[in-house]
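Participant: Shown below is the structure under consideration.
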Amino acid sequence: MPLAAAGRGWSVLVPEGGPWRDGGEPVDRVLTGWAVALGVGAPWPVLALWWDADRAGYVLASGFRRPVGYVWLADGIPAGEDEAMRTFAARLGLDPVLDVQALDRLTAPDAEADAPARLRGLLAVLGRAGVALPAALSPGEPADRLGAAARALAGAWRTGTAHPHAVADVGPFAPWMPWVGGPGARALALAQVAAGLPLTLWGLRRRSGGWIAAGSLLTAHGVLGLAYGLAPRRA
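Its first residue numbered 74, the sequence shown is counted upward by one per residue in my numbering.
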C-alpha cells in the first residue's frame, strides 16, 4: 500500500483493493476496523477518511478508546452527533474555541457543500494540527484514481517493499512500520500482535471481512517487526 508524508508529523496510507468492492462490507466499517487496528497500542492517533456514492465521513481511533466519527450524506446533509465533533477536537488537542467553532460549522446545514466539500473543510481545520494531505488525494475521487495518484506521489513508500537495507530511506514512516527498528519498535510489534490476533478472531466470529482484514494486517505487521528485531544485523 502507498504510504506518504501528509504534513508535520503525519503520514497517509492509501489501502489498495478492499473488501468493500465485493459488496460484503461497507467502506466505513472496513476503514473503522483498519483505523482501530493501526491505532491500538500506538502513541499516535489514526484518522480514516472515507466516502462512497451515498455518504462520506471520518473515524478517529486512538489507543484503546472507543473510536469517534461523523457522517455526511452525499449532498452534505449532516448525519452525525454534534458531540462527536467536540470529542474529536479534544482528542486531537485542537483549539477548544476557534477550531471547535469551525468544526461546528461543518455540522450545520449548507446547501452549497456536498460530502467531499465537508471533508475538505475538515482537512482545512486539521491543517492547524499539522495535517497537509497531498493535493492529488482529494476527497470524493474514485478508488482507482485515488490509488494511482497515491502511487505517483513523490517520495511515496510502498509498505510491501520494506526491508532492512531501506531503513535510512523510510524517514517519517518509521514509527508506523516497526520492522524498520527504532526506539520501542519491539514493544510496538508485540502490542500489534497482541491486539491483532483477538481482532481477527472476533472478525471470524462475526464473519466480517473488514475486521478480519484489519486484524490480519495488524498481526502481520507485528510479526514482521518481531522477526526483524530478532534477525542478525550486518554492519
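All residues carry an ideal CB built from backbone N, CA and C; glycine is no exception.
Using C-beta distances below 7 Å, list every residue in its chain close to Arg145, excluding the 5 sequence neighbours before and after it, in chain order.
Facilitator: In the sequence as displayed, the identity of residue 145 is Trp instead of Arg. Contacts found: Arg128, Ala129, Gly130, Pro151, Ala152, Ala188, Arg191.
Participant: Quick check on Ala235: does DSSP put it in helix, strand or coil?
Facilitator: In this predicted model, Ala235 has a pLDDT of only 43, less than 50, meaning its place in the structure is not dependable; the value taken from the coordinates is given anyway. Coil at Ala235, not helix or strand.
Participant: Nearest-angstrom Cα distance between Ala304 and Val296?
Facilitator: Legend: pLDDT at Ala304 = 47, less than 50; position of this residue unreliable, value from coordinates given subsequently. Distance between the alpha carbons of Ala304 and Val296 is about 12 Å.
Participant: In the DSSP assignment, the beta strand (DSSP E) including Arg81 goes from what residue to what residue?
Facilitator: Run containing Arg81: none; DSSP gives neither H nor E here.
Participant: Is the beta carbon of Ala77 less than 8 Å from the beta carbon of Gly228?
Facilitator: Yes.
Participant: Please return the same chain residues whose Cβ sits closer than 6 Å to the Cβ of Gly112, not counting the five positions on each side in sequence.
Facilitator: Val119, Ala134, Ser135, listed in sequence order.
Participant: If you check the beta carbons only, do Leu290 and Trp117 fall under 8 Å apart?
Facilitator: Result no, Cβ atoms of Leu290 and Trp117 do not sit closer than 8 Å.
Participant: Along the chain, where does the alpha helix (DSSP H) containing Gly106 start, and where does it finish?
Facilitator: Segment 100 to 112, the alpha helix (DSSP H) holding Gly106.
Participant: Determine the direct distance from the alpha carbon of Gly194 to that of His54, and round the result to whole angstroms.
Facilitator: Look at the range of the chain in this structure, 74 to 308, and you will see that residue 54 is not part of it.
Participant: When DSSP builds the beta bridges, which residues end up paired with Gly130?
Facilitator: Note: Gly130 sits in a beta bridge opposite Trp123, Val144.
Participant: Please name the residue, chosen from Arg138, Phe137, Leu199, Gly269, that lies closest to Gly166 on a Cα-to-Cα basis.
Facilitator: For Gly166, the nearest C-alpha among the options comes from Leu199.
Participant: Which first and last residues belong to the alpha helix (DSSP H) in which Gly220 is found?
Facilitator: Counting along the chain, the alpha helix (DSSP H) containing Gly220 begins and ends at 216 to 224.
Participant: Can you tell me whether Leu274 is buried or exposed? The criterion is at least 16 other CB atoms within 10 Å of its CB, across all chains shown.
Facilitator: Leu274 comes out exposed.
Participant: If I follow the unbroken alpha helix (DSSP H) through Leu199, where does it start and stop?
Facilitator: Segment 188 to 199, the alpha helix (DSSP H) holding Leu199.
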